[in-house]
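Report on the following structure.
2 protein chains.
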Amino acid sequence: MSALNEPRWLDRDEMAAWRGFVVASNLLNRRLERQLKEDSGLSHQQYEILVHLSAAPGDSLRMTELADKLVTSKSGLTYQVTQLERMGLVARRSCPSDVRGVIAELTGQGREMIRRAAPGHVALVRELLIDVLTREQLAVLAESLGAVSARLRQDDVP
Amino acid sequence: MSALNEPRWLDRDEMAAWRGFVVASNLLNRRLERQLKEDSGLSHQQYEILVHLSAAPGDSLRMTELADKLVTSKSGLTYQVTQLERMGLVARRSCPSDVRGVIAELTGQGREMIRRAAPGHVALVRELLIDVLTREQLAVLAESLGAVSARLRQDDVP
DNA sequence: ACACCTTCGTTCGAATTTGAACAACAGGAG
DNA sequence: CTCCTGTTGTTCAAATTCGAACGAAGGTGT
Numbered sequence: 001m002s003a004l005n006e007p008r009w010l011d012r013d014e015m016a017a018w019r020g021f022v023v024a025s026n027l028l029n030r031r032l033e034r035q036l037k038e039d040s041g042l043s044h045q046q047y048e049i050l051v052h053l054s055a056a057p058g059d060s061l062r063m064t065e066l067a068d069k070l071v072t073s074k075s076g077l078t079y080q081v082t083q084l085e086r087m088g089l090v091a092r093r094s095c096p097s098d099v100r101g102v103i104a105e106l107t108g109q110g111r112e113m114i115r116r117a118a119p120g121h122v123a124l125v126r127e128l129l130i131d132v133l134t135r136e137q138l139a140v141l142a143e144s145l146g147a148v149s150a151r152l153r154q155d156d157v158p
Numbered sequence: 001m002s003a004l005n006e007p008r009w010l011d012r013d014e015m016a017a018w019r020g021f022v023v024a025s026n027l028l029n030r031r032l033e034r035q036l037k038e039d040s041g042l043s044h045q046q047y048e049i050l051v052h053l054s055a056a057p058g059d060s061l062r063m064t065e066l067a068d069k070l071v072t073s074k075s076g077l078t079y080q081v082t083q084l085e086r087m088g089l090v091a092r093r094s095c096p097s098d099v100r101g102v103i104a105e106l107t108g109q110g111r112e113m114i115r116r117a118a119p120g121h122v123a124l125v126r127e128l129l130i131d132v133l134t135r136e137q138l139a140v141l142a143e144s145l146g147a148v149s150a151r152l153r154q155d156d157v158p
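Chains as they are written, first to last, in the UniProt record's numbering: chain Z, 1 to 158; chain W, 1 to 158.
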């Protein structure tokens, strides 16, 4: 009867998990944003770009690859890489194997910046998230969100 | 020696939890944003405003209260409430007990909108997050993120 | 070599977000 | 009452974000 049309609403636990996710996500982002801006003059997004580059072989990545890792739009990345380029933290160079390709590469200043910015950022992540949870909670969180991310990556049709 | 200056970096599990959180959060928001926009013409933020209002007594809340619940800036809320007001989904009225106060109230159209938009949204949240996890994972997630949120709310100095 | 479809990164305009500054008011201490 | 401090919601400029459209190039099948 109505079972076919009536959606399955979230029960108490499900709602708690979902609301907790949304609220924690927003609050965390706010705090990290402030801390990075004040201490290093970087936005969280810019910081993440530097991190992904510094973790990549040759301190460099193709724009599209980088956009995927960051989970952002291509145009958004173009904008931010331009900003970082103006700050002297990232340089653009063309891709040898593909004329269309653009490679974003960390500069010396970029490496220095991430080296200085990372400790404070990690300390805050630890204080606000990691150290609040037990080892078991962390493990479950990692596995759960890993599964959710994988599920989302799968059918992410642009 | 160096132990005092060297930050405690994240180990494998901690990093997995943190990255999982960031990635899942971004991917989820992207998907929810698209779905809401296409199906109802609402942004996720606008949808959340309607949800919080419809959950409040009298379908109404003070601006500041609403901003707190949404974890957004006051100016951001002012903008979005104005948008919703233009759409006829929300109305502003002044607060009886405080001349400065402004109360956002759900209109009839607003109630109808949330009634139509909710099923599709909840279904997607279920598909992408809730139903991907086991009952135990959900419980741990709820408790963990609840603790993190509480910790964050505590010392959130504006 | 040719047409065809996809991918790459950028540009563009529109929408949104933020923090700082602001005026108006509330709430108390004296 | 009167000053003083904190709150409330808005306005403003600046920064950021996104999707659609674009030109240019890759890759494939014939």
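Ideal Cβ placement from N, Cα and C applies to all residues, glycine included.
By the Cβ criterion, the stretch 9-21 of chain W is in contact with the stretch 118-131 of chain Z, since at least three pairs of Cβ atoms, one from each stretch, lie closer than 8 Å. In terms of Cβ geometry, His-52/Z and Leu-42/Z do not form a close pair [threshold 8 Å]. Chain Z places no beta carbon closer than 8 Å to that of Val-51/W, leaving this residue out of the contacts.
For Arg-31/Z, the nearest CB of chain W lies under 8 Å from its own CB, placing it at the interface with that chain.
Beta-bridge pairing by DSSP links Ile-103/Z to Arg-62/Z and Arg-93/Z.
Interface criterion met: the Cβ of Ala-139/W is under 8 Å from a Cβ in chain Z. Bounds of the alpha helix (DSSP H) holding Gly-110/W are 108-128. Burial state of Ser-25/Z is buried, judged by a 10 Å Cβ sphere holding 16 or more other Cβ atoms. Glu-112/W counts as exposed, since fewer than 16 other C-beta atoms from the protein chains shown sit within 10 angstroms of its C-beta. Asp-11/W is bridged by DSSP to nothing; it lacks a bridge partner. Residues are counted here when their Cβ sits less than 7 Å from a Cβ of chain W; for the stretch 56-76 of chain Z these are Val-71, given in chain order. At a cut-off of 8 Å between beta carbons, Ala-104/Z makes no contact with chain W. DSSP, read as helix, strand or coil, puts Asp-98/Z in strand.
In terms of Cα proximity to Leu-32/W, the closest of Thr-134/W, Gln-45/W, Ser-75/W and Gly-58/W is Gln-45/W.
At a cut-off of 8 Å between beta-carbon atoms, Arg-151/W makes contact with chain Z. By the Cβ test, the stretch 87-97 of chain Z is not in contact with the stretch 129-147 of chain Z, since fewer than three Cβ pairs between them sit closer than 8 Å. A residue is called buried when at least 16 other Cβ atoms come within 10 angstroms of its Cβ; Gln-154/Z does not meet this threshold and is exposed. The beta carbon of Gly-76/W sits closer than 7 Å to none of the beta carbons in its chain outside the five residues before and after it. Look at Asn-29/W here: in three-state DSSP terms it is helix.
Of Ala-104/W, Ile-114/W and Thr-72/W, the smallest CA-CA separation from Thr-82/W is found for Ala-104/W. Annotation for Val-71/W: no alpha helix (DSSP H) segment contains it, and DSSP assigns it neither H nor E. Nearest Cα to Val-102/W within the set Ala-123/W, Thr-78/W and Gln-109/W: Thr-78/W.
At a cut-off of 8 Å between C-beta atoms, Ile-114/W does not count as an interface residue with respect to chain Z.
Linking Asp-59/Z to Arg-86/Z through their CA atoms gives a straight-line distance of about 18 Å. Within chain W, the residues whose beta carbon sits less than 7 Å from that of Ser-25/Z are Ser-25, listed in sequence order.
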